[in-house]
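The opening residue of the sequence shown carries number 0 in our numbering; numbering runs sequentially from there.
Just so it is clear, CB atoms sit at the ideal spot from N, CA and C, and this is done for glycine as well.
Reviewing the structure listed below.
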Amino acid sequence: MKRIFSGMQPTSQLHLGNYLGALKNWVDLQKENDAERLFCVVDLHAVTMPYDHKQLSQATLEIAAAYIAAGIDPKKSILFVQSHAPEHSQLMWLLATMAQMGKLERMTQFKDKAGKNTERVGLGLFAYPVLMAADILAYKATHVPVGEDQKQHLELTRDLASTFNTRYGVDFFPQPEPVIAGPAPRVMSLRDGTSKMSKSADSDMTRINLIDTPDMISKKIKKAKTDSDPMPETLEELEGRPEAMNLVTIYAALAGIPKEEVVRQYAGQMFGSFKPALIDVAVNHLAPITNRMNELLENKDQIEDALREGAVKARKISSPILAEVQKIMGFTK
Ligand code: TYM
């Protein structure tokens, strides 16, 4: 059976990249009847970088609210918090014994986050991809819908799954498939079309957050970097114009139409006149999600109940899998 697993870190508010690269696709995947789905708020991952411990549990609730507001239905998908299922951390240790330092050192996300300071960064940041592998393998997940930036981590997960199988002579873990099928698998910064939209960028003007008001969305899009050429006739002609391409990609993803169509519709117009149309599309799409999120956060008990139930369901799957791993590794008979 198809088992889908994915997660997001409660490091700060979700942005349009998280939504268009992953979350929107998770919602679409709920239409598949023959699949089981688990969507997790990965709070253990969020503490690998400096964070505000007074805000962590609130940030976790906000991400869960964003999942539900975007359309994740706790009746159709198992919605839970990573730290509520201790199997993840337990399996992580077991997998850590099989993870090679050299491979972890090559992880781009680690290199980006550690910067030049590799001697001083925490072990948690270094081992981050092993915990991610444990998240996925604790459920023997077969499909992992993510944005493009997670591809390398998934390769490591696949690698660890086969190392385990080979080392213990079993055919236990499946090879989880990355599903990079969101409407925009790589949304770029509004200020620099060559770097991805991210929670960690210093300026909030680089990203659209799911909690932004229509005014903020409008201001950010108006100030988004573009160039002085008009919209071309074909999509190919947008090559080499990363900021323009990014805005077209965002429009297409939010409007649910192909990029070619956007280019055709606005061909010959300057970006100054394209931007108001993009603002309309963005506000119309995002405002209902933002409103729903705010409503949900007014009644936190409801979210907390859903998360508690989700953790029970998740552990029903991961606990026997962990027990099986412990048996294979010789801890139990
Ligand atoms: P995180 O929290 O950084 O991002 C959550 C999801 O959003 C996608 N994403 C983007 N997609 C398109 N354009 C962007 N600019 C953009 N920025 C982020 C990410 O690809 C991701 O799908 N390591 C993961 C969390 C994680 C996880 C897991 C995911 C932990 N365990 C197990 C899947 C399965 C992360 O940091 O995502």
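Closer than 8 Å: residue 4 CB and nearest the ligand TYM heavy atom: yes
Per DSSP, what are the beta-bridge partners of residue 208 in this structure? 14
Less than 9 Å between the C-beta atoms of residue 175 and residue 156, yes or no? yes
Indicate the three-state DSSP secondary structure (helix, strand or coil) for residue 5 in the structure shown. strand
Sheet register partners of residue 144 (DSSP bridge): 178
Nearest neighbour of residue 135, chosen from 110, 331, 317 and 269 [CA to CA]: 317
Measuring straight from C-alpha to C-alpha, what distance separates residue 330 and residue 160? 19 Å
Check residue 195 in the structure and name its three-state DSSP category. strand
Could you check if residue 25 is buried or exposed, using at least 16 other CB atoms within 10 Å of its CB as the buried criterion? buried
Verify the contact flag: residue 143, CB atom, against every heavy atom of the ligand TYM, threshold strictly below 8 Å. yes
Is the separation between the beta-carbon of residue 102 and that of residue 148 shorter than 9 Å? no
Beta strand (DSSP E) segment containing residue 234, residue limits: Run containing residue 234: none; DSSP gives neither H nor E here.
Between the segment 39-58 and the segment 107-123, do three or more beta carbon pairs fall short of 8 Å? yes
Under a Cβ-count criterion, where at least 16 other Cβ atoms within 10 Å of its own Cβ denotes burial, should residue 211 be classed as buried or exposed? buried
Nearest-angstrom Cβ-Cβ length linking residue 65 and residue 209, presumed shorter than 8 Å: 5 Å
Check whether the segment 222-234 touches the segment 264-276, taking contact to mean three or more Cβ pairs, one atom from each stretch, closer than 8 Å. yes
Identity of the residues DSSP links to residue 273 by a beta bridge: In DSSP, residue 273 forms no bridge with anything.
Three-state secondary structure (DSSP) at residue 328? coil
Between the CA atoms of residue 325 and residue 99 - distance to the nearest angstrom: 20 Å
So residue 35 and residue 0 are supposed to be a Cβ contact under 8 Å. How far apart are they, rounded? 6 Å
Whole-angstrom Cβ separation of residue 185 and residue 146, contact assumed at under 8 Å? 6 Å
Residue 40 and residue 62 closer than 9 Å at C-beta: yes
Can you tell me the Cβ-Cβ gap for residue 255 and residue 20, rounded? I've got them flagged as a contact below 8 Å. Residue 255 to residue 20, Cβ: 15 Å. No contact.
Drop a sphere of 10 angstroms on the beta-carbon of residue 6, count the other beta-carbons inside from all chains shown, and report buried for 16 or more, exposed for fewer. buried
Quick one: complete beta strand (DSSP E) runs, 3+ long, within the segment 108-155? 142-144
Measure the Cβ-Cβ separation of residue 86 and residue 320 and say whether it is below 9 Å. yes
Start and end of the alpha helix (DSSP H) containing residue 183? Segment: none, residue 183 is in no alpha helix (DSSP H) and carries neither H nor E.
May I ask you to check if the CB of residue 268 is nearer than 8 Å to at least one heavy atom of the ligand TYM? no
Do residue 185 and the ligand TYM come close, with the Cβ less than 8 Å from some heavy atom? yes
For residue 322, count the other beta carbons within 10 Å of its own beta carbon; 16 or more makes it buried, fewer makes it exposed. Which is it? exposed
In whole angstroms, what separates the C-alpha of residue 89 from that of residue 289? 36 Å
By DSSP's criteria, residue 36 is part of a beta bridge. Which residues make up the other side? 3
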